[in-house]
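Residue numbers (the working numbering): 1371 to 1578. We treat Cβ as the ideally placed atom computed from N, Cα and C, and that holds for glycine. Everything on this sheet refers to the single structure shown next.
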Amino acid sequence: MEKDPDVRLSKALSYALRHGADKLGLGMGPDGFVDVAEVLRLPQFRPWSLEDVQRVVETNDKQRFSLRPHSSSGHLQIRANQGHSLEVSELELIPLLRLSDFPEVVAHGTYLRHWPAIRRSGLSRMGRAHIHLAPGLPGDTTVLSGMRKNCEVAVVINIAKALADGITFFRSANGVILTPGNENGLLLPCYFQEALQLRPTRCRLPPE
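Printed below as a string of structure tokens:
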């Protein structure tokens, strides 16, 4: 079991707000927000307080969550900024319509063991609403979210080609670039610009 209580709380919030709201009986709005008090009433959240939730949201280096007061009740609410398998129809996603809307590099982080399947079939939503892409590569000072720190491979996306073929992209509240992919939920290999092995030293992977 994870020893750090803040990490345990972050993981519990991620599950509840991205995937488990219906099963847990949480009243999630169409924008993905839930009353914090409602979350804390659940048995699995009894070890934690409102102050714990606020601290985890403020210190999370990937900015996974947002807090706000409800416009009419004033109750403090929380939501996950992206990564939902639930349908969240009014999540605040900014459409990216032109090449100039994108950073210079857009990449998906993965692991060497997954690269052969990705090279053959493309990137998949894997049950989520979107494929997650980072606005840069590990080591870029402005990149906070979209790629795990221990990723071994960065698949760089040819955004110009994808846009020309009608693939849609969005930016989430914490800067992650999201795409639903094609009608099958895939971002096909024809949109891969290159694949870089990130460690132990950075090098380009062969396309075949």
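Supposed close pair residue i, residue j - CB separation, criterion 8 Å
{"i": "V1406", "j": "Q1447", "result": "6 Å"}
{"i": "P1417", "j": "G1492", "result": "About 41 Å separates the two Cβ atoms, so there is no contact after all."}
Cβ-based burial, residue i [other Cβ within 10 Å; buried from 16]
{"i": "I1529", "result": "buried"}
{"i": "G1536", "result": "exposed"}
Three-state secondary structure (DSSP) of residue i
{"i": "R1498", "result": "coil"}
{"i": "F1415", "result": "helix"}
{"i": "H1478", "result": "strand"}
{"i": "A1504", "result": "strand"}
{"i": "L1469", "result": "helix"}
{"i": "P1559", "result": "helix"}
{"i": "P1375", "result": "helix"}
Identified DSSP bridge partners for residue i
{"i": "E1564", "result": "V1526"}
{"i": "D1431", "result": "DSSP lists no partner for D1431."}
{"i": "C1521", "result": "Beta-bridge pairing links C1521 to no other residue."}
{"i": "V1404", "result": "I1448"}
Of the residues the options, the one placed nearest residue i, counting alpha carbons only
{"i": "R1495", "options": "A1524, V1526 and N1552", "result": "N1552"}
{"i": "V1476", "options": "W1418, G1497 and P1508", "result": "P1508"}
{"i": "N1544", "options": "P1570, R1574, A1524 and P1505", "result": "P1505"}
{"i": "R1518", "options": "R1541, Y1481, L1548 and H1500", "result": "Y1481"}
{"i": "S1441", "options": "V1423, R1569 and F1403", "result": "F1403"}
Any chain B beta carbon closer than 8 Å to residue i
{"i": "A1382", "result": "Absence of chain B from the displayed structure is noted, only one protein chain being present."}
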